[in-house]
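To start, the structure itself, in structure tokens.
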Amino acid sequence: MVKGIFQYALNTGQKLEIIYISKLNQFSQRKIKVLSVGEDSISAFCYLRNNRRVFKLENILSVEICKKFDMGE
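In terms of this note's numbering, the sequence shown opens at residue 4 and continues consecutively.
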């Protein structure tokens with residue numbers, strides 16, 4: 004189910020907002036554009052870091068489609 008929203012975002016170019024647990028067990032909120040969907044992870048452009056990142060699906064706690072997207076946020 005969760006992979007479905009990432010595949011949808013990949014196919015449509017829709018931006019997403021995710022909340023995940025980092026390697027240091029800290030919560031992080033990011034706005035991303037999905038670049039690829041793998042078996043256990045997604046590759047995405049992270050607007051906060053302004054770079055490509057890989058996110059493990061098991062560490063993503065929440066995902067939603069950005070209704071309004073402002074890169075300055």
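Positions of the beta carbon are idealized from the N, C-alpha and C atoms, including for glycine.
Between the region 10–20 and the region 28–35 there are three or more inter-stretch CB-CB distances shorter than 8 angstroms, so the stretches are counted as touching. One Cα belongs to Val5, the other to Leu38, and the distance between them is close to 16 angstroms. In the three-state reduction of the DSSP assignment, Glu67 falls in the strand class, which pools E and B. For Gln32, there is no enclosing alpha helix (DSSP H); the enclosing beta strand (DSSP E) has its first and last residue at Phe30 to Val40. Only buried fits Phe9, as 16 or more other CB atoms lie within 10 angstroms of its CB.
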